[in-house]
Amino acid sequence: MSAILLVAIPLLAAFISILAKKFAPYLLIVVGLFNFVILFLLPDGFVIIGGFEQPLGINLLLDTYSRIALLLINGLIVIITFLNLGKYDKYASIILLAMASLNGLVLTNDLFNLFVFLEISGIAAYLITTSNKRPLKTFHYLIIGAVGSSLFLFGVVILYSMFGTLNMVDLIQKIQAVDNYDQLILPFILMFIGLGVETKLLPFNSWVKGVLGKSNTFSGPMIGGVYAAAFGFVLGRYITNVFVFEGNLLLVVTVLLCLGIIIGEAMAYSSSKAREILLFSSVAQASIVAILFVNGIILWAVYYIVAAALSKTVLFLVINKATKDKGSDELNDLQGLFVDNKVVGLAYTLITLSVMGLPLLVGFVVKINFLTELAIADQIWMIIVILVASVVEGIYFVRMLIKLWYKGDNEISVKYNLSFKIVFVVIALAFLVFGSYKAPLTSLDNSIDTVMEVVDNG
Amino acid sequence: MTLFDVITSVIGVLLLVLAFLAINSKSLIKSVLFLSSLSMLAVVSFVIMRAPDVAITEAVIGSGLVTALFVFTLLAAERRETK
Amino acid sequence: MIQYAAIILFVFGLYGLLTQRNIIKMIISLNIMEIGLFIFIISIGFVYDGVAPIISSVSETGLLFVDPLPQALVLTAIVIGVGTTALALAFAKSIHNKYQTFSLDEMEEQL
Amino acid sequence: MKNLIGLLVSLLLGVLIILTLASSPSFPEFGSVDINDRVAGEYLDNDNVEEVGSGNIVTAIVVGYRGFDTLGEVTVLFISALGIALIFSDKKQKRLDLKFKPNFMLKTGSRIVFGIILITSLYIIFHGHLTPGGGFPGGVMIASAILLLYLADDKFRSNIKGFKVLEGVAGSLFVIIGLLGLVIGTYFLENFIPVGSLGELLSAGIIPIIYMLIGLKVGSEISGIVDNFLTEGESA
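Chains as they are written, first to last, in this note's numbering: chain A, 9 to 466; chain B, 1022 to 1104; chain C, 40 to 150; chain D, 5 to 240.
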């Protein structure tokens, strides 16, 4: 019973699933639940592969940080597959591979191994987006993804040529020992760009509009929710532990991220399509997460990713289901969606208010805490940018809610079956409960990412 | 300038020339052929840099399989345009 | 010298990718970029008058060897590159089914 | 205008890379690398070579030390083949009638060469741990032999169902060997078969077995990809 099962079992299931196509979706749900359960039983610490010690072979690191990520990823994949049972069954083997690669991405402690999993999850993402039936947009996403991972490999190889190791913990020890900082700027930039493509950071997210703008109830939640969360965790682990941003590099990165927030919110404000509003707001959220990690606010960034992933999954499910039934995602066509879907509407509203950060909801708790942490780190400019972004976000979300609740003369008939409703209500209630009952959130602290601990006493 | 340096610089220049031709040639078939010869040159440079494993893999995959896939895509496209 | 040629090749592939308006040319630029990257990785591990890392008998282990790790990385990266290229070509083929052309400009006219 | 921006961006990146690498103290000069201050020095160390037992150090790294990478890599090919089959899956496939018809020379020549290619690829796969080459080039060679049959006869369709089964079985066996390592030994992908003496055919424990499985898997996958590229939907 070791953490390697989280990667090996889905792989084995994927290889078997092509032999028995009919059972693939059910195999996927069973493997997802199996992963979800053993995550509560697995001990923290390193998992050595192949029997070779730390810098020679590859090893995986399981700590609270990656455990939260894995619970979120495997849980969401099971929910999304369960809700889309019957319609997207031929994608079951691909989802199994996506699950294996995302688990490996979060767990691995080896840089080249991360590149391999980056490629697998990338190819799985391109194939998931083929369900949008837009080959040109998927091709655009593939090209940018391939460029991103080539740049990442370039950065990894330069680091290997300088320090002679591919193991993350070993590398951090060697980076700490180096005095000439300027030579590290190049590999860090290349790897930051490589990871920035999949985490939708500013200059490399031109693929997001094409992919998520035309998404459906399967590709929307997968790419917008699960993939965004997984890559957010990976980017966070590398920003806090491996990358050392100082001086003008830190300035450049911060300006880039702030621009990402402002442009993301502005595009969401100016768009009239429901899916575009959601995807641009998730672009802005990705930049906020990156800023939090750059300032070392690990705990609240983790909660922000979890809240963003859950909320985006629900929002994309609701909007994409309505778009499929209505045929268009223009807000005017979706007017009055919640009038005869009271339960779904209530859950949707609660979650949107939490994303905006209104009191009594978990979004507020997360936002207040990371703003105070930013204030402690006296990052005044970033606080101003995030507050302005929240105001803009509030405006376009409220405008969207008003349209969705007020029918006007638009006639719309969208039916959500029971399993959809149950999932929405449960998540909305979780947002409400953890909004007021803050104890479990504040019981953890920044030490959930134990890489630095291992480096210091390793 | 040992013999080794001469050979590597010749290969370096040839690589760049072939890459330029591969990108800027008008017809697609020509640029695919330039790409195939580019990967053949890469095989030669791998052999010179004492990497036999990689040379065999790049030879079979780079100039063998990738070129074949490109040609099939172009043939299928050409056939459909003429129909 | 071949190390700088490899970097220039990588950047040249990136340039081709940013400027070409033909899908097949973009995939070719992607391949050029990857070939440049692979030559760079192998050049990192090269040692003057080193020997290929093949040991046929235990007595030979005293020789000066080339670095075997970059070769293992490139071996993996080549096969990954083929996977991505084959998928990109499959997309190019299905795009051609839909738009009857490979050039992005003609496709935009049809939209 | 777009070309100018593209040129500027790539020029800027190129200059940045070359300047940083030229001026950085810890980036070694071309060719003057001291292996021992890198991890690779351990791989070439005497008793490590004997412990893994594979003559070809690169194979020892690819399948032994970093076997998890190779498992990931086999998955990349698996998902590409799966994806390509998915993209072209909606129509019943029939052979693409290309303009060129295989003439006599091609037909007879390919029958002769087919056997030679197969034998060399099997040789490369089974000697992966002794001489250069291994599962991947061997597998792609098998696929190119089958590609030759496609070219030689334009009605030829290989047995796709059989390749799918072979692909699934070989992949599952690879993971099962890894899990056996976890059950018998204490680590995933651990070498639980005695290593034997260096240089012999049956040495290096599970490495030749894994390379043989990879060869079969890669061969069947890429033949599947070739078949997808050389066929088209019935209605087209």
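Every residue, glycine too, gets a C-beta built ideally from N, C-alpha and C.
Self-check item: Between the CA atoms of A/ILE299 and A/MET390 - distance to the nearest angstrom
Solution: 8 Å
Quiz item: How many angstroms separate the CA atom of B/THR1088 from the CA atom of A/VAL374?
Solution: Distance from the CA of B/THR1088 to the CA of A/VAL374, rounded to the nearest whole angstrom, comes to 53 Å.
Quiz item: I think A/VAL55 touches A/ILE12, with their Cβ atoms under 8 Å apart; what is that distance to the nearest whole Å?
Solution: 6 Å
Practice problem: Determine the DSSP secondary structure at D/ALA240, reduced to helix, strand or coil. | Solution: Because the pLDDT of D/ALA240 is 42, which lies under 50, any placement of that residue in the model is unreliable, and the number read from its coordinates should be weighed accordingly. D/ALA240: coil per DSSP, three-state reduction.
Quiz item: Looking at the C-beta of D/ILE218, does it have a partner C-beta in chain A at a distance below 9 Å?
Solution: no
Quiz item: Alpha carbon to alpha carbon, how far is A/ASP453 from A/PHE23?
Solution: 40 Å
Exercise. Let me know the secondary structure DSSP gives C/SER142 once reduced to three states.
Key: strand
Self-check item: Nearest-angstrom Cα separation, counted from D/ARG99 out to B/LEU1056
Solution: The alpha-carbon atoms of B/LEU1056 and D/ARG99 are separated by roughly 27 Å.
Practice problem: Closer than 6 Å by C-beta to A/ARG142: which residues in its own chain qualify, once you throw out the five before and the five after it? Chain order, please. | Solution: LYS222
Practice problem: Look at D/ARG161 and D/THR235 and say whether their C-beta atoms are less than 9 Å apart. | Solution: yes
Quiz item: Helix, strand or coil for D/GLY203 per DSSP?
Solution: coil
Quiz item: In whole angstroms, what separates the C-alpha of D/ALA240 from that of D/LEU86?
Solution: The pLDDT assigned to D/ALA240 is 42, lower than 50, so where the model puts this residue is not dependable, and the model offers no usable value.
Quiz item: So is D/SER239 in contact with chain B if we call contact Cβ pairs under 9 Å?
Solution: Residue confidence is low: D/SER239 scores 48 on pLDDT, short of 50, so the model does not pin down where it sits. No coordinate-derived value is stated.
Exercise. Return the Cβ separation of C/LEU112 and A/PHE42 in integer angstroms, given the expectation that the two are a contact with Cβ distance under 8 Å.
Key: Between A/PHE42 and C/LEU112 the Cβ distance is about 32 Å, and since that is not below 8 Å, they are no contact.
Exercise. Taking only runs that begin and end inside the segment 60-148 of chain A, name each unbroken alpha helix (DSSP H) of 4 or more residues, in chain order.
Key: As far as the segment 60-148 of chain A is concerned, its whole alpha helix (DSSP H) runs of at least 4 residues are 72-91, 100-115 and 119-137.
Self-check item: Collapsed DSSP secondary structure at A/GLY344 in the structure displayed
Solution: coil
Quiz item: Which of helix, strand or coil does DSSP assign to A/GLU273?
Solution: helix
Quiz prompt | Stretch-stretch touch, CB-based, cutoff 8 Å, three pairs: the segment 240-252 of chain A with the segment 262-278 of chain A | solution = no
Self-check item: Any chain B beta carbon closer than 9 Å to C/SER82
Solution: yes
Quiz item: Would D/LEU12 be called buried (16 or more neighbouring beta carbons within 10 Å of its own) or exposed?
Solution: Burial call: exposed.
Quiz item: What three-state label does DSSP hand C/VAL90 in the structure shown?
Solution: strand
Quiz item: CB of A/GLY443 to nearest heavy atom of the ligand ATP: below 8 Å?
Solution: With respect to the ligand ATP, the structure shown offers nothing to examine, as it has no ligands at all.
Quiz item: Interface residues of chain B around C/GLY55 at Cβ under 9 Å?
Solution: Within chain B, the residues near C/GLY55 are ALA1040, ALA1043, ILE1044 and ASN1045.
Quiz item: Helix, strand or coil for B/ARG1071 per DSSP?
Solution: coil
Exercise. Return the first residue and the last residue of the beta strand (DSSP E) that A/LEU212 is part of.
Key: Correcting the residue identity first, residue 212 of chain A is Phe in this sequence and not Leu. No beta strand (DSSP E) contains A/PHE212, which DSSP labels as neither H nor E.
Quiz prompt | Where C/LEU76 meets chain A, residues with beta-carbon distance less than 7 Å | solution = Using a Cβ-Cβ cut-off of 7 Å, C/LEU76 is close to SER158, LEU161 and PHE162 of chain A, given in chain order.
Quiz item: Relative to the alpha-carbon of C/THR115, which residue among D/ALA208, D/GLY71, D/LEU110 and D/ILE83 has its alpha-carbon at the smallest distance?
Solution: D/GLY71
Quiz item: According to DSSP, which residues form a beta bridge with A/VAL55?
Solution: A/LEU68
Quiz item: Name the chain C residues that come within less than 8 Å of D/ARG42, Cβ to Cβ?
Solution: ASP106 and LEU108
Practice problem: Pick helix, strand or coil for A/GLY365, following the three-state DSSP scheme. | Solution: coil
Quiz item: Excluding five sequence neighbours on each side, which residues of the same chain lie with their C-beta closer than 7 Å to the C-beta of A/SER295?
Solution: Taking A/SER295 as the centre and dropping the five residues before and after it, the same chain places the C-beta of LEU209, LEU210, LEU265, GLY268, ILE269 and GLY272 closer than 7 Å to its C-beta, in chain order.
Quiz item: If D/ILE128 and D/GLY142 are in contact, beta carbons under 8 Å, what's the gap, nearest whole angstrom?
Solution: The Cβ separation is near 4 Å, so the contact holds.
Self-check item: Within chain A, the residues that C/PHE130 reaches when beta carbons sit closer than 9 Å
Solution: TYR134, THR138, PRO143, LEU144, THR146, PHE147 and LEU150
Quiz prompt | Alpha carbon of A/LEU105 to alpha carbon of D/ILE83, nearest angstrom | solution = 8 Å
Quiz item: Just the Cα atoms here: how many angstroms apart are B/ILE1082 and B/LEU1095?
Solution: Straight-line Cα distance between these residues: approximately 19 Å.
Quiz item: Considering only the beta carbon of each residue, do A/MET199 and A/LEU167 sit closer than 9 Å?
Solution: yes
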